[in-house]
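Engineer: First, the structure itself, so that you have it in front of you.
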Amino acid sequence: MRVSLAVLGLATSTFCSDSHAAPGHKLDLKGWKLQLPTRCGSGVCEVDGDKLHSYHDKYFHVSGDGAATFCVPLNGAHTGGSHYPRSELREHHNFKLGGSHSLKAKLKILSVSRHHSKKETIVGQVHGEGGKFSSLVKLRYNENEKILEVRVKDKSGKEINAGGKAVASGVSLGHSFEYELKMEGHELTAKVDGHTVTHNYDYASEEDSTQEYYFKAGNYLQDHQDTDSDGAVVAFSEISTHHSGGSDIVV
Numbered sequence: 162m163r164v165s166l167a168v169l170g171l172a173t174s175t176f177c178s179d180s181h182a183a184p185g186h187k188l189d190l191k192g193w194k195l196q197l198p199t200r201c202g203s204g205v206c207e208v209d210g211d212k213l214h215s216y217h218d219k220y221f222h223v224s225g226d227g228a229a230t231f232c233v234p235l236n237g238a239h240t241g242g243s244h245y246p247r248s249e250l251r252e253h254h255n256f257k258l259g260g261s262h263s264l265k266a267k268l269k270i271l272s273v274s275r276h277h278s279k280k281e282t283i284v285g286q287v288h289g290e291g292g293k294f295s296s297l298v299k300l301r302y303n304e305n306e307k308i309l310e311v312r313v314k315d316k317s318g319k320e321i322n323a324g325g326k327a328v329a330s331g332v333s334l335g336h337s338f339e340y341e342l343k344m345e346g347h348e349l350t351a352k353v354d355g356h357t358v359t360h361n362y363d364y365a366s367e368e369d370s371t372q373e374y375y376f377k378a379g380n381y382l383q384d385h386q387d388t389d390s391d392g393a394v395v396a397f398s399e400i401s402t403h404h405s406g407g408s409d410i411v412v
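What the sequence shown shows, in the working numbering, is residues 162 to 412, in sequence order.
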């Protein structure tokens with residue numbers, strides 16, 4: 162099954178201001194839900210189904226040049242399992258390790274905590290429902306070092322860099338790049354602008370063969386401060402997923 166999200170151009174959006182244009186008018190958002198950095202009851206606000214087609218706000222909108230823009234303030238609300246805020250899409254397609262599953266995207270990171278020292282955000286994930294390996298893969302940008310890292314878990318559950326190094330360096334704000342996170346069987350292959358790292362996850366299935374995973378894409382800011390005048394802005398021009406083989410569950 163292939164789901165493709167594509168828009169033309171990229172954004173130079175003002176920090177967290179609504180363009181009053183909905184990404185769903187340009188993108189096919191069926192099969193995704195949106196998590197926002199705002200509080201709804203005991204959790205964060207989510208937008209799903211038919212509502213997502215016409216939804217826009219200052220945290221999720223289309224900029225004037227057509228990019229799907231995800232904006233997160235430092236003081237945004239966070240989920241119960243995290244200390245950090247996000248504006249992020251979650252695919253309604255769970256899969257177990259096995260078969261072939263990939264997430265591809267083209268994007269620019271426009272701003273990351275301009276006035277605070279921790280300048281990191283996550284722009285792509287393979288995530289699970291719980292347990293030691295629930296955060297299976299995270300593509301993390303570090304603006305201080307201008308690098309992209311593919312963060313994975315070793316057998317003990319400790320977070321490390323796939324391949325023992327950053328997958329890409331010299332990545333400045335505003336630089337357009339492409340990535341792919343591909344799980345084939347138990348093997349991760351991560352590509353960023355032609356650079357590749359791999360990681361074998363045989364031990365994850367050995368420990369819990371029932372674990373289900375899903376893709377996430379957007380802007381998951383790795384900081385939280387008491388201010389709404391700073392944060393992160395990420396603009397996607399393309400997002401696509403592909404699934405074949407294995408045990409798949411649409412949720």
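Beta carbons are placed, not taken as given, at the ideal position from N, Cα and C, and that holds for glycine.
#1: Glycine 331 to valine 311, Cα distance in whole Å?
#2: Per DSSP, alanine 266 forms a beta bridge with which residues?
#3: My output table needs one value for lysine 212: the three-state DSSP class, helix, strand or coil.
#4: Quick one: residues in its chain with C-beta nearer than 6 Å to the C-beta of lysine 316, no 5 flanking neighbours on either side, listed in chain order?
#5: Could you check which residue in Gly185, Gly237, Leu309 has the C-alpha nearest to that of lysine 212?
#6: So, using beta-carbon positions, are arginine 395 and phenylalanine 231 closer together than 8 Å?
#7: Give the single residue among Lys187, Gly204, Ile308 whose Cα lies nearest to the Cα of aspartate 226.
#8: Specify the secondary structure class of serine 366 as computed by DSSP and reduced to three states.
#9: Here's a check: name, in chain order, each residue in its chain whose Cβ is nearer than 7 Å to the Cβ of methionine 344, leaving out the five neighbours to either side.
#10: Determine the burial state of glycine 392: buried for a count of at least 16 other Cβ atoms within 10 Å of its Cβ, exposed for fewer.
#11: Roughly how many angstroms lie between the CA atoms of lysine 191 and leucine 268, to the nearest whole one?
#12: Going by DSSP, which residues form a beta bridge with valine 218?
#13: Would you kindly report the start and end of the unbroken beta strand (DSSP E) that includes asparagine 255?
#14: Are three or more beta carbon pairs between the segment 230-245 and the segment 361-375 nearer than 8 Å?
#15: Return the Cβ separation of proline 234 and cysteine 177 in integer angstroms, given the expectation that the two are a contact with Cβ distance under 8 Å.
#16: Among Val223, Lys352, His214, which residue has its Cα nearest to the Cα of aspartate 179?
#17: Candidates Lys280, Gly260, Leu264: which alpha carbon is nearest glutamate 306's?
#18: Quick one: grab the DSSP three-state call for alanine 172.
#19: Considering only the beta carbon of each residue, do isoleucine 270 and leucine 334 sit closer than 8 Å?
#20: In chain order, what residues of the same chain have a beta carbon less than 7 Å from the beta carbon of valine 412, not counting five sequence neighbours either side?
#21: Just to confirm, is the Cβ distance from alanine 323 to isoleucine 308 under 8 Å?
#22: At the level of alpha carbons, what is the spacing between valine 168 and histidine 277?
#23: Determine the burial state of isoleucine 283: buried for a count of at least 16 other Cβ atoms within 10 Å of its Cβ, exposed for fewer.
Structural biologist: The relevant details are as follows:
#1: Straight across, the Cα-Cα distance linking glycine 331 with valine 311 is about 15 Å.
#2: Tyr340, Ile400
#3: helix
#4: Tyr364
#5: Gly185
#6: The sequence shown places valine at residue 395, rather than the arginine named in the question. Closer than 8 Å, so yes.
#7: Lys187
#8: helix
#9: Leu258, His262, Val287
#10: With 16 or more Cβ atoms within 10 Å of its Cβ, glycine 392 is classed as buried.
#11: Distance between the alpha carbons of lysine 191 and leucine 268 is about 20 Å.
#12: Strictly speaking, residue 218 in this sequence is aspartate, with valine absent from that position. Aspartate 218 is bridged to Phe221.
#13: Unbroken beta strand (DSSP E) run through asparagine 255: 254-256.
#14: no
#15: Cβ atoms of proline 234 and cysteine 177 come within 8 Å of each other, at about 6 Å.
#16: Val223
#17: Lys280
#18: The predicted model places alanine 172 with a pLDDT of 37, which falls under 50 and marks its position as unreliable, so this point remains unresolved.
#19: yes
#20: His253, Asn255
#21: Not closer than 8 Å, so no.
#22: Because the pLDDT of valine 168 is 48, which lies under 50, any placement of that residue in the model is unreliable, and the number read from its coordinates should be weighed accordingly. Valine 168 and histidine 277 have their C-alpha atoms roughly 31 Å apart.
#23: buried
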